[in-house]
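Here the structure is laid out as structure tokens; the discussion comes afterwards.
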Amino acid sequence: MIEDSYDNIEPAFEELAVAVESKDPKREVLRERVIERCLPLADHIARRYSGRGEAFEDLQQVARVGLIQAVDRFEISRGAPFLSFAVPTIMGEVRRHFRDHTWAVRVPRRTKEIQPRLASAVETLAQRLGRMPNAREVADELEVGLLDVTRALIAANGYQSSPLDAMINDDGEYSPMSAAASLGDTDPGYNLVEQQLAVRPHPRQLPRRERELLIMRFFESKTQKQIADHLGISQMHVSRILAKTLNHLREEVLQD
455 MIEDSYDNIE
465 PAFEELAVAV
475 ESKDPKREVL
485 RERVIERCLP
495 LADHIARRYS
505 GRGEAFEDLQ
515 QVARVGLIQA
525 VDRFEISRGA
535 PFLSFAVPTI
545 MGEVRRHFRD
555 HTWAVRVPRR
565 TKEIQPRLAS
575 AVETLAQRLG
585 RMPNAREVAD
595 ELEVGLLDVT
605 RALIAANGYQ
615 SSPLDAMIND
625 DGEYSPMSAA
635 ASLGDTDPGY
645 NLVEQQLAVR
655 PHPRQLPRRE
665 RELLIMRFFE
675 SKTQKQIADH
685 LGISQMHVSR
695 ILAKTLNHLR
705 EEVLQD
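Position 26, counted from 1, in the sequence shown is what the working numbering calls 480; the numbers after and before it change by one each time, with no gaps.
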């Protein structure tokens with residue numbers, strides 16, 4: 455009969471160790487019994503880490519993998535209780551899962567390792583100093599470089615991401631809106647700058663009269679009538695020159 459608790463499980467490990475040593479065919483059955491008895495421990499640890507953006511079922515699976523590793527690595531001959539070995543082993547597996555698989559952006563492993571230690575270090579220093587610590591003080595507390603701490607602080611903002619269609623300001627006081635709707639639109643000035651840079655070299659290659667006509671029309675904001683009076687030609691002639699010059703510039707830019 456399988457016990458429903460992992461308390462006082464050391465005798466089961468003693469039996470398992472003997473079966474492994476003697477290559478008893480029942481050793482796999484004994485191993486499965488030990489794992490099954492300890493499943494509540496893995497589930498309890500997984501539950502402690504729930505609510506951090508990962509589904510409980512995923513954390514439960516990771517914790518159970520850590521439990522299996524603990525069962526396979528535990529040496530009863532050392533005299534230590536199984537719980538003292540299993541708990542940090544399972545927790546370590548869950549933490550590695552968060553470190554390696556739950557970041558919304560790609561972050562260096564060194565940064566991932568430092569980031570979970572930040573909160574504890576800041577809390578300890580705040581109590582000791584009576585104020586919030588700066589990055590240098592946190593780096594000294596963790597015995598790491600200032601650059602490493604700075605990167606970890608910045609990377610914390612990229613731990614989780616929200617979809618652009620997620621609703622914000624949904625507090626009953628203001629009308630909810632999507633995150634995408636709160637973002638700024640593309641500045642049309644960028645297109646104007648690109649167009650200006652594309653066109654800039656070509657007017658210099660125009661004949662002098664066409665170049666002067668463009669300057670008066672588009673930089674001095676003169677009307678075609680004013681340009682015609684200034685040059686002593688008809689307004690219709692000015693219109694034809696402008697159209698021909700602009701078409702020529704357009705073709706030159708498109709070819710580039």
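By construction, the Cβ of each residue, glycine as well, lies at the ideal position given by its N, Cα and C atoms.
Cβ-Cβ distance between residue i and residue j below 7 Å
{"i": "A517", "j": "A500", "result": "yes"}
{"i": "Y503", "j": "L495", "result": "no"}
{"i": "Q689", "j": "K679", "result": "yes"}
{"i": "L607", "j": "R571", "result": "no"}
{"i": "A471", "j": "I530", "result": "yes"}
{"i": "H656", "j": "E705", "result": "no"}
{"i": "A589", "j": "V598", "result": "no"}
{"i": "L484", "j": "E464", "result": "no"}
For residue j and residue i, believed in contact at Cβ under 8 Å, the rounded distance
{"i": "G520", "j": "V474", "result": "Contact flag wrong, Cβ pair sits at about 21 Å."}
Contacts around residue i, its chain only, beta-carbon distance under 8 Å, and the 5 residues preceding and following it disregarded
{"i": "E591", "result": "L579, L583"}
{"i": "L667", "result": "I681, L685, V692, I695, L696, T699"}
{"i": "M670", "result": "K676, Q680, I681, H684"}
{"i": "K480", "result": "A473"}
Reference residue i, options the options, closest by Cα
{"i": "P535", "options": "L601, A466, L493, H498", "result": "A466"}
{"i": "R527", "options": "G533, T543, Q515", "result": "T543"}
{"i": "N462", "options": "R654, L484, P661, V488", "result": "V488"}
{"i": "D497", "options": "N645, P479, A540, P661", "result": "A540"}
{"i": "H551", "options": "E577, S574, F510, D594", "result": "F510"}
{"i": "L493", "options": "S574, R532, Q515", "result": "Q515"}
{"i": "L660", "options": "H702, S476, R491, L708", "result": "H702"}
{"i": "R453", "options": "P479, R585, L537", "result": "Because the chain here runs from 455 to 710, residue 453 falls outside it and cannot be looked at."}
Own chain partners of residue i with C-beta closer than 7 Å, once the 5 adjacent residues on each side are dropped
{"i": "D625", "result": "In this prediction, D625 has a pLDDT of 49, which is less than 50 and means its spatial position is unreliable; what the coordinates show is noted afterwards. Answer for D625: no residue qualifies."}
{"i": "V653", "result": "L703, V707"}
{"i": "G533", "result": "none"}
{"i": "L600", "result": "A589, R590, A593"}
{"i": "F545", "result": "Just to set this straight, residue 545 is Met in the shown sequence, not Phe. If we look at M545 and ignore the five residues flanking it on each side, its Cβ neighbours are I499."}
Residues of its chain near residue i, where Cβ-Cβ distance is below 6 Å and the 5 sequence neighbours each way are ignored
{"i": "A575", "result": "V592, E595, L596"}
{"i": "M586", "result": "A580"}
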